[in-house]
Amino acid sequence: GVGKSFITSAFAVWNWWLDVNCRIMVVSGGQERADAFSRFCLRLIQDMPQLRHLAPRPDQLSSLKAFEVNGAHTDHSPSCKSVGITGQLTGSRADIIIADDVETPKNSLTVTQREKLEVLVTEFDAVLKPESSNPDARIIYLGTPQVEDSLYGKLPAKGYDFRIWPARKPGPTAAQVKYGGRLAPFIQELDIPEG
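Start counting the sequence shown at 8; every next residue gets the next number (my numbering).
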């Protein structure tokens, strides 16, 4: 509720502004959530005069599930594809995968469901373009842990940087105890009072 998806949608659009050939896949716990991310990206492109040149042409793909930005080279993969975590991930390629709330209360309720989710996200490696063709290719996870044994807590062991941006700046003791070194450096360096 503090803007993770909003900011990351702007980041996605910024990537197209820099390179119209950037391919982004948005994966969420459900198709509806992924489509909402895609919808917001399209609205930014259509509503901001500085970005309108990126709007899909009439002859280009333009739906909530997949769209192309104007000027992008013809490719099997659209500029933006949104999919639910149990949907069709394979067959596409992406420079950036945004995993936006892939863990939900429904898919993390039991040990078996959490194990299944862990297997599903391993498919990201097959979708992400290899480093040799794009050294900036990356997977970004956004989410709020739903259970103590959360998928998100296991990501650092797999090589992911883990950063927490709380709605309010915690005090130094709370930052160490609650966030254990995972508090975003930007937040730690802010010169504002606690709370």
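Where is the CB? At the ideal position from N, CA and C, for every residue including glycine.
Beta-carbon spacing of residue i, residue j below 8 Å
| i | j | result |
| --- | --- | --- |
| isoleucine 171 | arginine 189 | yes |
| alanine 19 | cysteine 48 | yes |
| arginine 100 | arginine 30 | yes |
| alanine 41 | isoleucine 52 | no |
| aspartate 108 | glycine 36 | yes |
| glutamate 75 | serine 86 | yes |
| serine 16 | phenylalanine 44 | yes |
| alanine 79 | valine 27 | yes |
| phenylalanine 169 | leucine 158 | no |
| valine 134 | threonine 97 | yes |
Inter-residue Cα distance where the pair is residue i and residue j
| i | j | result |
| --- | --- | --- |
| lysine 113 | isoleucine 103 | 26 Å |
| leucine 68 | arginine 46 | 14 Å |
| leucine 58 | aspartate 143 | 22 Å |
| glycine 187 | tryptophan 23 | 35 Å |
| leucine 149 | threonine 111 | 12 Å |
| valine 34 | serine 12 | 12 Å |
| threonine 117 | proline 152 | 14 Å |
| histidine 60 | tryptophan 21 | 13 Å |
| glutamate 39 | leucine 71 | 10 Å |
| aspartate 198 | alanine 181 | 16 Å |
| asparagine 77 | threonine 119 | 43 Å |
| isoleucine 194 | tyrosine 167 | 19 Å |
| leucine 5 | glutamate 138 | Residue 5 lies beyond the range of the chain shown here (8 to 202); nothing can be said about it. |
| alanine 191 | aspartate 54 | 31 Å |
For residue j and residue i, believed in contact at Cβ under 8 Å, the rounded distance
| i | j | result |
| --- | --- | --- |
| alanine 174 | isoleucine 147 | Their Cβ separation, rounded to whole angstroms, is 20 Å, which puts alanine 174 and isoleucine 147 out of contact at 8 Å. |
| proline 179 | lysine 185 | That belief does not hold up - the Cβ atoms of proline 179 and lysine 185 are roughly 11 Å apart, past 8 Å. |
Do the stretch 121 to 128 and the stretch 89 to 99 make contact, defined as three or more Cβ pairs closer than 8 Å?
yes
Can you list the beta strand (DSSP E) stretches of 3 or more residues lying completely in the stretch 8 to 93, in chain order?
31 to 35 and 87 to 91
In chain order, each beta strand (DSSP E) run of at least 3 residues that lies wholly inside the stretch 85 to 141
87 to 91 and 103 to 107
Segments of 4+ residues assigned as alpha helix (DSSP H) that fall wholly inside the stretch 133 to 193:
158 to 161 and 179 to 186
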